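Written below as structure tokens is the structure these notes are about.
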Amino acid sequence: MWIEPKELLISSPLWTHEKCSKYFVLQKRRGHGESGLSSLLVGTIDSVFDTKPAPYRILHRTPNSEVFYEVAIGLTRNEIHNDWEWLTQNLFEVLNDMESEDEVTNFTMCKIKSLHAQNNQNETGDTADFKVVQSNFRRYFKMPEEEHLVNYYKCTYVKNKIPRQGHLYISLNHICFYSYMLGQETKLVIRLSELEDISRSSNIIYLKTINGMQYNFTILFNSTEAYEFIELLNCMAMQQIIQDPESPIIDHDPLLVQRLNRKTSKKPILCLDLVARQKSEEYRTYFRLPQREIIDGTIKANLWTPYSKSYVGGSIYLSNNFFCFSSDVKDFVSVVIPLKVIKSVEKKDDDPHRSGNNIVIITSENVPFIFSYIADREVLLTKITDLLSRFHVPKNRERPKYDISWSKQAALINNHTTEFTPDMEEKQNEKLARWESHFRDYGRGISMFRTTAVINLIAEGIPDKLRQEIWLIFSGAIHEKEMNPGLYEDLVEKAACLKHSSVHDEIERDLRRSLPEHPAFQHDDGLGALKRVLQAYALRNPHVGYTQAMNIVTSVFLLFCDEENAFWMLATLCEVLLPDYYKDKVVGAQIDQGVLNELVKHYLPDLHTHLDRLGTIGMISLSWFLTIFLSVISYESSLHIIDCFFYDGAKVIFLIALQILDWNREQLLNCNDDGESMFVLTQFLEGIYNPDYHSPLANEKRKVKRTQTVQTLIHAAYTRFGEITLQRIQELRNKHRRLTIRKFDLDNEVTIVKFHMDNMYFNSEELRMLLRIIREEKQAYRKVHQQKQQIHVGESPILVQIAGDSPCRQKLALPEGNCSRAEAYSVDFDTYRVLFYELTPWRSCVTVDLAEKLFRLADKKSTGLLDFSQILNSLGLVCSSKYTEKLKLLYILHLPPLLSKAEIDHVRKPRIKTEENTEEAIEAEDFFGDDPSESIEALPSPTDNNFDENDYALITATQRLHSLAGMSNNTLMDLKKNPNLSLANSNNSSMAVNARTSTFYVDLSEDEHSTPPSQRIGGTAHSQNGASAPLNALQKQGRFESIDTFSDISDLGAAKVTPPQLNVETISNFSQISDLVMTTNAGHKRERTDSNTDSKSLGSLRYLVDQPDDANSPNKNIPNMKKANFQILWKSLIEILGEQDTDMLQSFENLIELGNSNMKKDSSLESFTQLNLGSGEEPDSNGNPTTPIEPPSTTKLFLDLEEELRQANAASMLKSNKRNSDSSNSCSDDDLWEISINQFIATVLAVTSIVKGFYVRTSIKEKIEKMQKNRRKCIISNY
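Dropping the structure here:
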């Protein structure tokens, strides 16, 4: 790549010349790509002295000059040679024609700078040196291109008491360390999401992971910056886990580059971007601005304050929609001016001090704001002008109209006026007068001067008439409302159209529990408004939906605000002021519970020790915080706390909680249990009163002893604990966010381990380690960055999904509610493959991908995911000492339904097909047939044994129908459709394979049975095939149609022979056959006579994974194995054991001989009409019922069809018999060779080496520890 020309005084001896010309030299770093002493020394020097140059470079130098200029660098030989080729073609001849060396150098420098600017105009803006470092980072630690490096630092890592000098790399999702000393590499990779504790002392950063590993990094320079980046990125990672636990990674969003479009520092651009993110977050929190606001810059200035007649020094902040000012003295004065209200911005040069650089901003209400001593007035004016030119006032968009009659409810306090005594009324008027005086001096509305005077007014209590206005301004809800005009109405009407919503049912149940003592919520107007607000917010934010306690705080909002304002107050509360509080598992409240616990430990250490022993803090904090004390303190008193909360944020609830505990310190220290301590606190909280309102209702069952006024409580809390800042609260939240998420994981582990304690494979410690490694693998960066679409194993089927997400998926927080705890530990095939090859002893098998076969076998529902029980059973059996069951499993995994087409083709001999394929009609009776790949190109039916039992008659009917029609058992298809793929070209194109649209039925969970077909993706396809009505019967059986796979019964290929007499419309409708079989099976179940048939479904094979010790295991239902498959099985057996001894060789020969003796003859076909037997009646010799009854219409249809087919084939009977005889003589012995599972097991159990090899139990504990160690060292195996 071309770089900005860099002057070099000497050409370092650490470089070697590869190409030279008159004015240019191409050099390579000495030892690069080589082994030996030079490579060892140069690598060590680069590591120690922090020199990480690119391995290739091009220098420019004139013959008479001693100065070199570095003009290009390359990470690869091809890259640098391309640059050299460009110089050869474009500069060499031009430079030779120039007269002076100065002219050559000047021309070259200008040209290289032009090339550098041209080639880097779309780049991120990082320097060439940093790009080299980022390339090395990805190469050292095998990181993908999507993982961006934030910054790197020279540091020392002590391992085994030996210091290692190297570099600490901080990327978006990882902390990595690399050292190269005298040929020894040290690598370390730590995910930011797995950090449990982060601390710093002087220049040492201490990290502790959830696995208990501790790391210390000593950074001599910029240790503070490195620590802050780690904290910031870890905070972002934790928030991402809460938002989406299935994708806990941070993506790169270069806000700084998009906003400034220029390089403002020599630091990496992503480093600047993260700093900008952090500053933007602080900016939004301080001024209570919408989450979309991104700080665009700051500039020093003074603000004229008319109330004090003086200038106040501070800083101006600019963002997309706001102009803000904050004083240097914290909270002394601040101003928020929305850009939409700015009418003009002018220079003010009439000041006596001409150097003041004054400007005047006039708002739409003609209020002037004067700023002076602006550091760069011209830049500020240009920026404001640019922002104003791009600003667009949000407009009320046209929205769909719904036939719903409703009207917005005004503040309920207007209709249900609070009764005041004359003294109370006078206090209210005095408060109102003080606020009016404050508005005259400091301004009113969003752009008022916000000073310390306003907090004193708020602490005294806001008058009822002003609460709506003050709450909206200081909470920031007014900004969201103005940016989304008309949204609330649209949400209300959409929510009213939703039917059968579980969220709406929850809201309905809680409506009358919301301030039931207040008369406003004893009438339909209050309850209706509350219902609409809660339903609208649940629709706006489905990640939160509705949680108990939201109804209580919303009720208070509705008392003083109109309906729409109450909605935006609720939105601001849930999304900004108390983030994650009302999500699944109330994560935010539990995080703040940890924060309160640490604050009590700091300020009240003796009380903390006592309450921690009693467990009281964990009991009180949730009820206090979720409702902002409304559930424990009287409504009239809680109003003052809410007033302060909207001004000062979440820190208020901590101040109040600490003060309450401090006042009750002595009584709590004397308590002996949690119940006694809770009684003390409850009595005190009930006694808090507000003298500005009436006391709680007089008809209560017991009298309440007054304790303190709420005004005294607030004043004492600010006085005693006012030093606690929002920044301190945020730091503690970051810490306890890690601990809380870790606690959730541990709770899940305990629950799942307890549930699976009775498993026959692993103990509790191994279960916990297995859960942890599953969680780590699922959160691995390489895993999360894969495509989110379902990953299919071979050609496994795609279930037709229900439109919309399930209730479990609508909650993107931690797994809870309707979702199983174990759902967080379900894995897809890629993760399962890693676990299989890392933990089991069968990883040495390379001929067959046993992980894929076992995954297919365990995936009963063909969902592409295995739950923890399935993982436990499948991996546990392979790692156990149950040698007989393991041998049975190995046998099953090599049966054709589980083998992929490529593996069968690898060992199958080419077959010569006769012209009319009469062989296939005969061999269709055999389950595997001569060409098993036709039935195994897709995953066999994933249903259980019930499918085999209930549909055996259907399978037999289909076989008979195939035989009569002259078709192979593998060729039945929906004859109403055109064949998608003929047998001749079945192997030619993967696209052709993917184009198949065949059908089979899989079991559905109970909650999916009631879903109509129209709500499922692809549901309309059934009506097009004329099978929508019969599909309902199948749905009642708990089955559903799957696409993109071969069926067990239909559409296994393309039709080979379709006799002209065949009525294709008659047999094409699969549902008719299904109806016939359901009718037939209703009377009785037919006992199986062909063990090969039922293995079309894997249900009869899965018993070994689920119940390996079942004495009644249906070995008779496991099909026999062909020779080609047996040869693969034996090869896999040798690879698992490592070698083949004499006894194994003899067993192999014995099994070959047994297969030769098992040559089986063709079996005769029974009459197809036996399907229509009456209740327990036996057929006559022709297969017809003995009692003359009128057959059902569907059965009669098949009887007529059978007769039609018999007549069609009668004319060619002799010719067919002759050809069949010739064909049977030409069949190879391999096609008829087979052994049973009993023969295989009995033979191999006689071999000592096989029994010993399969008897050894594999300890997954050691395997998991080794796996985790390799992950930390960045050793990744290829599977």
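The sequence shown begins at 1 in UniProt numbering and counts up by one. For each residue, glycine too, the CB sits at the ideal point set by N, CA and C. On a predicted model such as this, the values are computed, not experimentally measured, just so you know.
With DSSP as the reference, label residue i as helix, strand or coil.
i     : result
E147  : coil
T1258 : coil
C879  : helix
V379  : helix
C561  : coil
P338  : strand
E949  : Model confidence at E949 stands at a pLDDT of 38, short of 50, so the residue's coordinates are unreliable and nothing is read from them.
P1119 : coil
M757  : coil
C497  : helix
L604  : coil
E185  : strand
P932  : Unreliable placement is indicated for P932, whose pLDDT of 33 sits below 50; the coordinate value is still reported in the next sentence. Residue state, collapsed to three classes: coil.
C271  : helix
F221  : coil
Y689  : strand
W406  : coil
H736  : helix
Kindly list the residues whose CB is nearer than 8 Å to the CB of residue i, restricted to its own chain and excluding five residues on each side of it in sequence; keep chain order.
i    : result
P368 : V360, I361, I362
K159 : T186
Return the chain-ordered list of same chain residues with a C-beta closer than 6 Å to the C-beta of residue i, the five sequence neighbours on each side being excluded.
i    : result
Q667 : V680
A589 : Y581, L622, F625, L626
L570 : Y537, T554
S826 : L865, D867
I170 : V150, N151, F229
V710 : S637, H640, I688, N690
Let me check one thing: in DSSP terms, what residues is residue i bridge-paired to?
i     : result
H60   : F24, Y69
E7    : Y69
W84   : None, per the DSSP bridge assignment.
D197  : K208
E1234 : K1122
K159  : I162
For residue i, collect the residues of the same chain with a Cβ closer than 7 Å to its Cβ; drop the 5 residues on either side in sequence, then sort them by chain order.
i            : result
residue 1280 : Because the chain in this structure spans residues 1 to 1279, residue 1280 falls outside the shown range and cannot be described.
K408         : D562, E563, E564
K853         : L893, L898
S431         : Note on residue identity: the sequence assigns Lys, not Ser, to residue 431. The answer, listed in chain order, is E460, G461, P463.
I162         : none
Could you compute how far the alpha carbon of residue i sits from the alpha carbon of residue j?
i            : j    : result
I446         : L558 : 22 Å
Q659         : F177 : 46 Å
D423         : H438 : 23 Å
A522         : E686 : Reading off the sequence shown, one finds Gln at residue 522, where the question assumed Ala. Cα-Cα distance, rounded: 23 Å.
K279         : I295 : 7 Å
I617         : R738 : 19 Å
C1274        : I190 : 10 Å
residue 1280 : S326 : A question about residue 1280 goes unanswered here, because the residues of the chain that appear run from 1 up to 1279.
V1256        : S881 : 5 Å
A657         : L498 : 40 Å
V848         : Q779 : 28 Å
I219         : K6   : 29 Å
Among the options, which has the Cα closest to the Cα of residue i?
i    : options                : result
S315 : T451, W435, Q291, A375 : A375
N322 : S623, P290, T547       : Before going on, a small fix: residue 322 reads as Phe here, not Asn. The option with the nearest alpha carbon to F322 is P290.
Y153 : R532, F137, E749       : F137
D102 : P63, Q89, G74, A72     : P63
H416 : E766, Y718, F560       : F560
Determine, for residue i, whether the minimum Cβ-Cβ distance to residues of chain D falls below 9 Å.
i    : result
I620 : Among the protein chains of the structure shown there is no chain D, as only one such chain exists.
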